[in-house]
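Presented below is the structure to which this report refers.
Number of protein chains: 2
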Amino acid sequence: MKQILDLNAFDVTAAAGLAAPLAAQVRRRAGLFGAASVLFYERPLEFLRAQGCWLYDASGVAYLDAYNNVPCVGHCHPRVVEAASRQLAAVNVHNRYLHPAILTYAERLIARLPAGLSQVAFTCTGSESNDLALRLAGQYTGAAGVIVTEAAYHGNTAAVTAISPVSFKRGAPPAHVRVIPAPRVDPASHEAAVAAFARHVQAAIDDLNRTGLGCAALIVDTIFSSDGIYADPPGLLVDAVDRVHRAGALFIADEVQPGFGRTGESFWGFSRHGVAPDIVTMGKPMGNGYPMGAVATRPDILDAFSATVGYFNTFAGTPAAAAIGLAVLDVIDEEGLMANARAVGAELAAGLRDLQRSHPLIRDVRGAGLYLGVELGADAALAARIINGLRERRVLIGAAGRDGNVLKIRPPLCFSALQANTLITALGETLSALPA
Amino acid sequence: MKQILDLNAFDVTAAAGLAAPLAAQVRRRAGLFGAASVLFYERPLEFLRAQGCWLYDASGVAYLDAYNNVPCVGHCHPRVVEAASRQLAAVNVHNRYLHPAILTYAERLIARLPAGLSQVAFTCTGSESNDLALRLAGQYTGAAGVIVTEAAYHGNTAAVTAISPVSFKRGAPPAHVRVIPAPRVDPASHEAAVAAFARHVQAAIDDLNRTGLGCAALIVDTIFSSDGIYADPPGLLVDAVDRVHRAGALFIADEVQPGFGRTGESFWGFSRHGVAPDIVTMGKPMGNGYPMGAVATRPDILDAFSATVGYFNTFAGTPAAAAIGLAVLDVIDEEGLMANARAVGAELAAGLRDLQRSHPLIRDVRGAGLYLGVELGADAALAARIINGLRERRVLIGAAGRDGNVLKIRPPLCFSALQANTLITALGETLSALPA
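As they're listed, the protein sequences go chains A and B.
Take the first sequence: its letters are residues 598 to 1033, numbered as in our numbering.
Take the second sequence: its letters are residues 598 to 1033, numbered as in our numbering.
Put into structure tokens, the structure is as follows:
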């Protein structure tokens, strides 16, 4: 499979074509980080300042950020920076000592989750969260098999890379992983697509049972980010999750992407589909950039795991993480960022659909809140060209999807209607500038 | 195996014996974190402020920290706090955009490493570092087997828990892991112990080859922290590492514990032994509490891995991580913390040996710099009693070793001679107070 994560990658052999200082920095970087280094854009960007939805380069030129979900309440939000600065100066030590903030934070998170998901384990990254979730599911069910979608990305540890088909440059996920198509919903026939997804899940369960591996979990990014962003129809997961539960397996909702209000209508992506996860994993937006993740689950699931191995995470659940996490929740609530994601997301989607009328290259506009996908009747190369065209117009977006032909629009949740308009205008110009 | 990590754990069923507000907080915590929650001490501590080697509870009572290596330059060091605050307020975004600080930081790290280890991949935790290191070794060698010591702890991901025998409450490491005794060096016969360690490594290599798994790596925490702290004799790893290399396997130096100047004499634990690692992993002290880790290796090793899967870590190698990492290196250098670790570590070791003369319960005092182990002729229960006795005297230490009978002394690197004396006095009082 084409490695989607690198679709918008800078080709280091092209450094000769860059201005001298940029070329020097790119070469220095390639020397230090080698083959593991990925830079965005044909002409990579350097950012030295950021605020809200704007990133500023060394000359002070502003780029509109419609890509980064980590700074969910806006880059360098003063409230979050203040919480971090204050707590890092006061005390920041591991959580085998008591500190009140981490209890308050855990309670605030749990209050937003469905009843039953009453315990939480803190981690430092979404990868660590999913790594732990897989072990919770394996231990609880006694089964080994995991079902994932075909272009899923769930993180970077050994165990989690194994369930991230999109990360494989060579080879494929190992034998305990069953890869099924994403619910690539045809707008004309939601029902058929939903039924097909449930059928694929059932077939994977049956196959895992036949081989003796058994099914431990279905894990789904509940907005199918790297699969190409599928949010519709609401309820699309119901039948699949029912089948998983009937098979004695667990449903892991990977909320690293859709969680924390991004879909506008609810705090979690799974809520849109009315399903009850057994495990919820969190990461990226939790700390607005401070490394934080978490796993929420039922006590019986956590107990089964804790009886077999110890789990402790030095940097997780610290006073600083708690203070920062609380500040992020406060800002989301007090600045009405979920309502903003809903309202601005709707305007943005409407504007993109307007654009679709004059640009038949746009095949579909979809998503929820401030996570939108624009599927192109084009290949990954043309999508990359459009992304680079937007970058030249100082607007940042990305690409997703099995075929790399879905524009991924996922700005900080404080994205304004004016900024949405700037994006639409720049995309229109970019599309118009393509050769006929 | 007894789970060493929990040796000094608070028993939540004892909450009834605590003062009411503490008992309430402990119960609230047990409800939120369940079986995965571990608290230190029979009477858990709550810390609301910290500075240098002091932690302060809610009443302002100061506890001397001789346990925590994460705040390596001292709790809440103003220089590190300032770097964090400044950079979090300026820009903190993933490293697929350029930023000068991360290049400077990578260069500063690589300059401290042996020639050949010229590339670095940043992570967020030591666990992520070791998880990546295992995959680098597996991909490079084409082998599956890993050799670890019997009470080793290398982190908390699925892959890394598998090579951490100390984490298993039930069962044992899986079939690809060969567990060998730590070099429990008898002070009377260094040579025999070193030869025995090399022999165990060779036997594990031979066994892995016999089973067809092959040997990918020997991974060693180069001060054998959780095995009970073995630093002597210098050179103890030479023969073992030679055998690993002759077998076509890699030597992974886990520097999460001994790295960043802790041993006083060199920046890395492996330097004491004059061996050349193929992969060096870093974690805890890098960011003085900010979640940071790294893997340094040779380009050929990183290339082999990068040809198969993509690796990207959202929160790692960011401008904030770089700024904080640079501040930590600056403080270590400018405040002469390696020299301090050497000098104060020597005074502390001498003082502990003095104590040994009047307290035959002390069987051995060992270690390097500010990582010292005090082996007791006692079981884990008595060691825990001593640790709790020190806590009542407001001095914090821990326990280590296969049998949990080694006091683990590992303060911030700014530990002073006066503080060393405070610790020695408190330990003497604690030992004297034990029933005869």
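C-beta: ideal position from N, C-alpha, C; glycine also.
> Do you know offhand how far B/Leu695's Cα is from A/Arg625's?
Replying inline: Within the second sequence, residue 695 of chain B is the residue found at index 98, counting from 1. Within the first sequence, residue 625 of chain A is the residue found at index 28, counting from 1. Each residue's Cα considered, the two are about 11 Å apart.
>> Rounded to whole angstroms, what is the Cα-Cα separation between B/Ile849 and A/Tyr750?
In response: Sequence index remark: in the second sequence, residue 849 of chain B carries index 252 (1-based). Sequence index remark: in the first sequence, residue 750 of chain A carries index 153 (1-based). Near 28 Å, if we compare the C-alpha coordinates of A/Tyr750 and B/Ile849.
>> Based on DSSP bridge pairs, tell me the residues matched to B/Val743.
In response: As a working note, residue 743 of chain B is residue 146 in the second sequence. Partner(s): B/Val774 and B/Ala814.
> Do you know whose CA, among B/Cys669, B/Tyr653, B/Ala606 and B/Ser634, lies nearest B/Gly933's CA?
Replying inline: Taking the second sequence and counting its residues from 1, the one referred to as residue 933 of chain B is at position 336. Nearest C-alpha to B/Gly933: B/Cys669.
>> My parser needs the alpha helix (DSSP H) runs of 4 or more residues fully inside the region 911 to 986 of chain B; what are they?
In response: The region 911 to 986 of chain B contains these whole alpha helix (DSSP H) runs: 916 to 931 and 934 to 955.
> Among the residues of its own chain, which have a CB less than 6 Å from the CB of A/Ala620, if the five just before and after it don't count?
Replying inline: The residue labelled residue 620 of chain A in the question sits at position 23 within the first sequence. Ala612.
> In chain order, what residues of the same chain lie with their CB nearer than 7 Å to the CB of A/Ala997, ignoring the 5 residues before and after it?
Replying inline: Numbered from its first residue, the first sequence carries residue 997 of chain A at position 400. So the list reads Ile601, Ser822, Ser823, Gly825, Ile826, Gly970, Val1003 and Lys1005, once near-sequence residues are dropped.
> Shortest alpha-carbon distance to A/Ala943 belongs to which of A/Ala965, A/Ala793 and A/Arg843?
Replying inline: Residue mapping note: residue 943 of chain A aligns to position 346 of the first sequence, counting from 1. Checked all of A/Ala965, A/Ala793 and A/Arg843; the closest Cα to A/Ala943 is A/Ala965.
> Where does B/Lys766 sit, in a helix, a strand or coil, going by DSSP?
Replying inline: What you label residue 766 of chain B is simply residue 169 of the second sequence in a count that begins at 1. The answer is coil: DSSP assigns B/Lys766 none of H, G, I, E or B.
> From the DSSP output, which residues share a beta bridge with A/Gly890?
Replying inline: Working through the first sequence from its first residue, we reach residue 890 of chain A at position 293. A/Thr720.
> What residues in the region 702 to 726 of chain B bring their beta carbon closer than 8 Å to a beta carbon of chain A?
Replying inline: Ala703, Glu704, Ile707, Ser715, Gln716, Val717, Ala718, Cys721, Thr722, Gly723, Ser724 and Glu725
> For B/Leu1010 versus B/Gly858, is the C-beta spacing smaller than 9 Å?
Replying inline: Working through the second sequence from its first residue, we reach residue 1010 of chain B at position 413. Working through the second sequence from its first residue, we reach residue 858 of chain B at position 261. Contact: yes.
> If you draw a straight line from the alpha carbon of B/Met598 to that of A/Leu729, how long is it in whole angstroms?
Replying inline: Translated into positions along the second sequence, residue 598 of chain B becomes position 1. Translated into positions along the first sequence, residue 729 of chain A becomes position 132. Only weak support is given to the placement of B/Met598: the predicted model assigns it a pLDDT of 43, under 50, and the question is left unresolved by the model.
>> Using C-beta distances below 8 Å, list every residue in its chain close to B/Ala1014, excluding the 5 sequence neighbours before and after it, in chain order.
In response: Taking the second sequence and counting its residues from 1, one reaches residue 1014 of chain B at position 417. Within the same chain, B/Ala1014 has close Cβ partners Ala940, Val941 and Glu944.
> Which residue comes first and which comes last in the beta strand (DSSP E) that contains A/Ala647?
Replying inline: Residue numbering aside, residue 647 of chain A sits at position 50 when the first sequence is read from its first letter. According to the DSSP assignment, A/Ala647 belongs to the beta strand (DSSP E) that extends over Arg646 to Gln648.
>> Counting only Cβ-Cβ distances shorter than 9 Å, please list the residues of the region 660 to 677 of chain B near chain A, keeping chain order.
In response: Asp662, Asn665, Val667, Pro668, His672, Cys673, Pro675 and Val677
> Which same chain residues, not among the five before or five after B/Phe644, have their C-beta less than 8 Å away from its C-beta?
Replying inline: Position 47 of the second sequence, counted from the start, is the residue given in the question as residue 644 of chain B. Leu652, Tyr653, Asp654 and Tyr660, listed in sequence order.
> Over what stretch of residues does the beta strand (DSSP E) that includes A/Gly995 continue unbroken?
Replying inline: Counted from its first residue, the first sequence places residue 995 of chain A at position 398. Here the beta strand (DSSP E) through A/Gly995 covers Gly995 to Ala997.
>> Looking at the secondary structure, which residues open and close the alpha helix (DSSP H) in which A/Leu1028 lies?
In response: Indexing the first sequence from 1 puts residue 1028 of chain A at position 431. Residues Ala1014 to Ala1030.
> When the Cα of A/Ala703 is compared with those of B/Ser656, B/Gly628 and B/Ala708, which residue comes out closest?
Replying inline: As a working note, residue 703 of chain A is residue 106 in the first sequence. Comparing Cα positions, the closest option is B/Gly628.
> Which partner residues does B/Asp662 have in the DSSP bridge list?
Replying inline: Sequence index remark: in the second sequence, residue 662 of chain B carries index 65 (1-based). In the DSSP output, where bridge partners are listed per residue, B/Asp662 has B/Leu993.
> In chain B, which residues lie with their C-beta within 8 Å of the C-beta of A/Leu731?
Replying inline: Position 134 of the first sequence, counted from the first residue, corresponds to residue 731 of chain A. Simply Ala755.
> Opposite B/Leu652 in the DSSP bridges: which residues?
Replying inline: By one-based count along the second sequence, residue 652 of chain B stands at place 55. Answer by DSSP bridge pairing, in chain order: B/Ala647 and B/Tyr660.
> Quick one: is A/Gly871 near chain B, going by C-beta distance under 9 Å?
Replying inline: Counted from its first residue, the first sequence places residue 871 of chain A at position 274. For A/Gly871, the answer is no, since every Cβ of chain B falls outside 9 Å of its Cβ.
> Per DSSP, which one or two residues make a beta bridge with A/Asn885?
Replying inline: Within the first sequence, numbered from 1, the residue matching residue 885 of chain A stands at position 288. Beta-bridge pairing links A/Asn885 to A/Tyr887.
> Taking Cβ-Cβ distances shorter than 8 Å, what residues in chain B pair up with A/Gln622?
Replying inline: On the first sequence, residue 622 of chain A is found 25 positions in, with the first residue counted as 1. Leu695, Pro697 and Leu700, listed in chain order.
> Got a sec: is the Cβ-Cβ distance from B/Ala612 to anything in chain A below 9 Å?
Replying inline: In the second sequence, the residue the question calls residue 612 of chain B occupies position 15. No, no contact with chain A.
>> Strictly under 9 Å for the Cβ-Cβ distance: is A/His691 near chain B by that measure?
In response: As a working mapping, residue 691 of chain A is identified with position 94 in the first sequence. For A/His691, the answer is yes, since a Cβ of chain B falls inside 9 Å of its Cβ.
>> Going by C-alpha to C-alpha distance, which of B/Tyr968, B/Phe902, B/Pro641 and B/Gly832 sits closest to A/Ala632?
In response: Start at 1 with the first residue of the first sequence, and residue 632 of chain A comes out as number 35. It is B/Phe902 whose Cα lies nearest to the Cα of A/Ala632.
> Count the other CB atoms within 10 Å of the CB of A/Ser786; is the residue buried (16 or more) or exposed (fewer)?
Replying inline: Taking the first residue of the first sequence as position 1, residue 786 of chain A is located at position 189. Looking at its Cβ environment, which holds fewer than 16 other Cβ atoms inside 10 Å, A/Ser786 is exposed.
> Going by the C-beta, is A/Pro697 closer than 8 Å to any heavy atom of the ligand ADP?
Replying inline: Among the components of this structure there are no ligands whatsoever, and the ligand ADP is therefore not found.
> Does B/Lys766 have its Cβ less than 9 Å from a Cβ in chain A?
Replying inline: What you label residue 766 of chain B is simply residue 169 of the second sequence in a count that begins at 1. Taking Cβ atoms only, chain A reaches closer than 9 Å to B/Lys766, which makes this a yes.
> If you draw a straight line from the C-alpha of A/Arg775 to the C-alpha of A/Val841, how long is it?
Replying inline: In the first sequence, the residue the question calls residue 775 of chain A occupies position 178. In the first sequence, the residue the question calls residue 841 of chain A occupies position 244. Distance between the alpha carbons of A/Arg775 and A/Val841: 13 Å.
>> Only counting the same chain, and skipping five residues up and downstream in sequence, which positions put a Cβ closer than 6 Å to that of A/Ile760?
In response: The count along the first sequence starts at 1 and reaches residue 760 of chain A at position 163. For A/Ile760, where only same-chain residues beyond five positions count, the Cβ hits under 6 Å are Val743, Val745, His751 and Val774.
>> Tell me the DSSP secondary structure of A/His672 in three-state form.
In response: For the purposes of this step, residue 672 of chain A is taken as residue 75 along the first sequence, with counting starting at 1. In this structure, A/His672 counts as strand in the three-state DSSP scheme.
>> Please report the straight-line C-alpha distance between B/Ala919 and A/Gly907, rounded to a whole angstrom.
In response: The residue you call residue 919 of chain B lines up with position 322 of the second sequence. The residue you call residue 907 of chain A lines up with position 310 of the first sequence. The alpha-carbon atoms of B/Ala919 and A/Gly907 are separated by roughly 31 Å.
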